[in-house]
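Down below is the structure, laid out as structure tokens.
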Amino acid sequence: MTHRNPVEVRALTVWQPWASAIAYATKRIENRRWATDYRGWVLIHAGVTIDPAARYAVMARPFLHRPQPAGAVLGWARLDDCHEDDGMCTLWSVPGHWHWHLTDVRRLHRPVSWSGARGLWTPTPDLLDLVREAAHA
25 MTHRNPVEVR ALTVWQPWAS AIAYATKRIE NRRWATDYRG WVLIHAGVTI
75 DPAARYAVMA RPFLHRPQPA GAVLGWARLD DCHEDDGMCT LWSVPGHWHW
125 HLTDVRRLHR PVSWSGARGL WTPTPDLLDL VREAAHA
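Per the working numbering, residue 25 is the first one in the sequence shown, and the count goes up by one each step.
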């Protein structure tokens, strides 16, 4: 029997190496040009695009010479705040962007291949089942 999660969950596709920095390191701010009122669980999906500006970012250096999972869910986090740029709330913050604050970040034991989407998207029940399986593998 398939268990369906009654808790609202969203997903966010993030360019590499930033998705890996969230799932596998200490990045707890996601920078966006738009705000969201959503608060709750978010799957961290690594997009197939690599941020071309990452090669110039000091914070990205540890990730640039490692394999980067692409087109896959890497983990999940709780989105608990979203605020306008306040002058650099963390080293990961980008001036002029909205800062999405992530807590309770968990990485999957293995990435789950899945197509992403733009914006804050709603994962299908099948994807949630695959993520749940990967979390317990």
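All C-beta atoms, glycine included, are put in the ideal place defined by N, C-alpha and C.
Small disclaimer: the values here were computed from a predicted structure and weren't measured.
- Contact between the segment 71-82 and the segment 40-54 is present: three or more C-beta pairs spanning the two stretches fall below 8 Å.
- Under the three-state reduction of DSSP output, A161 falls in the coil class, being neither helix nor strand.
- Excluding residues up to 5 positions away in sequence, I53 lie with their Cβ nearer than 6 Å to the Cβ of T114 in the same chain.
- With distances taken between CA atoms, W138 lies nearest to V97 out of P149, V97, L152, R130.
- Secondary-structure assignment with DSSP links A70 through a beta bridge to V38, A96.
- In the three-state scheme derived from DSSP, where H, G and I count as helix and E and B as strand, D150 is classed as helix.
- Residue pairing of D109 in beta bridges, as defined by DSSP: absent, with no partner found.
- By the neighbour-count criterion, in which 16 or more other beta carbons inside 10 Å mark a residue as buried, T37 falls on the buried side.
- Straight through space, the alpha carbons of L103 and D110 are spaced by roughly 18 Å.
- Partner residues in a beta bridge of V129, as assigned by DSSP, do not exist.
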